[in-house]
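Asker:
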Amino acid sequence: MLLTALFIGGFTLWYTNGLVEIIKQDEHRKMEIWAEAIRVLTVSDGSESAPMMNLINKVIAENRTIPVILIDHAGQVLSYNNLDAGRENDVQYLMKELEAMKHHGDHIFIDLGEGEIQYLYYRDSVLLQQLKWFPMVQMLVVAVFIIVAYMVFSGTRKAEQDQVWVGMAKETAHQLGTPTSSLLAWVDLLKMKQVEPDLVGEMAKDVERLRIITDRFSKIGTQGDMQMLVLSQTIGATLDYLKKRTSSQVHFHLNEGDACYQAFINPVLFEWVIENLCKNALDAMGGKGDITISLSDHKQFVCIDVKDTGKGIPRHRFKTVFQPGYTTKKRGWGLGLTLVKRIVEQYHKGKIFVASSQPGEGSTFRILLRKG
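As numbered in full-length UniProt numbering, residues 1 to 372 make up the sequence shown, in order.
#1: Just list the residues that DSSP pairs R366 with in beta bridges.
#2: Could you work out which residue in G105, V77 and Q130 is closest to Q92 when comparing CA atoms only?
#3: Going by the beta-carbon positions, is the gap between N276 and V340 smaller than 9 Å?
#4: Let me know the secondary structure DSSP gives Y261 once reduced to three states.
#5: List, from N- to C-terminal side, the beta strand (DSSP E) runs of 3 residues or more that fit wholly inside the segment 77-144.
#6: Under the rule that 16 or more other beta-carbon atoms within 10 Å means buried, what is I117, buried or exposed?
#7: Between which residues of its own chain and A169 is the CB-CB distance below 6 Å, once the five residues before and five after are set aside?
#8: Just to confirm my understanding: we take L254, look at its own chain, exclude 5 residues before and 5 after, and list those with CB closer than 7 Å. What are they?
#9: Across which residues does DSSP place L254 in a beta bridge pair?
#10: Alpha carbon to alpha carbon, what distance is there between D283 and R245?
#11: In the DSSP assignment, find the alpha helix (DSSP H) that holds L335 and state where it starts and stops.
#12: Give the range of the beta strand (DSSP E) segment to which V268 is assigned.
#13: Our contact map puts V268 next to D215 with C-beta atoms below 8 Å; I'd like the distance itself, whole angstroms only.
#14: Compare the Cα-Cα distances from R370 to each of T309, L295 and T320 and report the closest residue.
#15: Compare the Cα-Cα distances from D84 to each of A74, H73 and P67 and report the closest residue.
#16: Should the segment 29-46 be regarded as contacting the segment 111-126, the criterion being three or more beta carbon pairs within less than 8 Å?
#17: Can you check whether the CB of E361 is closer than 9 Å to the CB of T309?
#18: Does DSSP classify D72 as helix, strand or coil?
Structure, rendered in structure tokens:
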């Protein structure tokens, strides 16, 4: 579509420029005839026949489109035609038009004999000026058409992608729902059988986590329950869960800042965001290092920085990491950060991006949420 539009625009520009040049030459010939008529009329001694004089006057009167100014050798305006009808008696206006014609128009030298000369200055007719702009207007219309078509196409494609995401999430939640319910029942049965409490307790936590994951998938595609919550509490709960299930060589830090930052969030989905970012950091660090989450004020936003000491991200990959399918793991799907971006930007109306990263020094992902 773009190539077609460029071809149409280029062809129109070439064709119109050809027409402009033809009309320009035609107007120049008309001005030469007009100048000759002025010369004959000026030097006439009355011996010409009446039909000849009528023809000369008709030639002069027939110029109804090309702006002209006739001056003598001293620069005094002798006559003019096709200028602004309401300002023709304005001397300053005439001088301004004359200067414009000298710089941007053309002129014809009229030799009246005996050392007397006149100059005929003229510029392009209104029709010719409009014709010069026509390709630009047409290309602008084509550009607007392309932009509108692209926006419609992008909107349709995005809507289809959303439907695929929602459908996949709902189906995943449905498939996980039944076995999760069965596992919860088995945990209750083990408690009744008085199996080792610590073992059953940890199992219950993992099954509950599985239920939460199922709930997360079920909330994709819905507006969800947005609540005004203290961010440090929600983030802290997620870090507490991760600490128990990661290596002792991984150290989590939460810098809450000086203020008690609050925002409207869906706690289930926002915990998923923090968990995905931390797991992404764990993979980048190879199971050891530091993960630091810092809260700070950023104008009308609350800023949440998730920093790790992993292998880092090349600068040219800062945006690519959020695209579906991007992963550095052999068995990864490359959907974690894509889900994170969708949850932050579509459900929480916030922003997420790679704030900084250096290969071998770690990365910092930044989330911006509107203050509550």
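Where is the CB? At the ideal position from N, CA and C, for every residue including glycine.
Source: prediction; values computed, not measured.
Answerer: Once the coordinates are examined:
#1: Locating residue 366 in the sequence shown gives position 366, where the first residue counts as 1. Partner(s): D305 and F353.
#2: For the purposes of this step, residue 92 is taken as the residue at position 92 of the sequence shown. For the residues G105, V77 and Q130, the minimum Cα distance to Q92 belongs to V77.
#3: For the purposes of this step, residue 276 is taken as the residue at position 276 of the sequence shown. For the purposes of this step, residue 340 is taken as the residue at position 340 of the sequence shown. In this structure, V340 lies closer than 9 Å to N276 by Cβ.
#4: Your numbering for residue 261 matches position 261 in the sequence shown. Residue state, collapsed to three classes: coil.
#5: 77-81, 106-113 and 116-122
#6: Translated into positions along the sequence shown, residue 117 becomes position 117. Exposed, by the Cβ-count rule.
#7: Position 169 of the sequence shown, counted from the start, is the residue given in the question as residue 169. The answer, listed in chain order, is F217 and I220.
#8: Counting from 1 along the sequence shown, the entry for residue 254 is found at position 254. Answer for L254: S232, I235, G236, L239 and I293, listed in chain order.
#9: As a first step, residue 254 is located in the sequence shown; it is residue number 254 there, counting from the start. Partner(s): I293.
#10: One-based indexing of the sequence shown puts residue 245 at position 245. One-based indexing of the sequence shown puts residue 283 at position 283. Those two C-alpha atoms are separated by around 14 Å.
#11: The sequence position of residue 335 within the sequence shown is 335, counting from 1. L335 -> no alpha helix (DSSP H), and no H or E assigned at all.
#12: For this step, residue 268 is matched to residue 268 along the sequence shown. Here V268 belongs to no beta strand (DSSP E); instead the alpha helix (DSSP H) covers P267 to M285.
#13: Numbered from 1 along the sequence shown, position 268 holds the residue referred to as residue 268. Numbered from 1 along the sequence shown, position 215 holds the residue referred to as residue 215. 6 Å between Cβ atoms; contact.
#14: On the sequence shown, residue 370 is found 370 positions in, with the first residue counted as 1. Measuring from the Cα of R370, the nearest candidate turns out to be L295.
#15: Looking up residue 84 in the sequence shown gives position 84. Comparing Cα-Cα distances from D84 to each of A74, H73 and P67, the minimum goes to P67.
#16: yes
#17: Taking the first residue of the sequence shown as 1, we reach residue 309 at position 309. Taking the first residue of the sequence shown as 1, we reach residue 361 at position 361. Yes, these two residues count as a Cβ contact at 9 Å.
#18: For the purposes of this step, residue 72 is taken as residue 72 along the sequence shown, with counting starting at 1. It is a strand residue.
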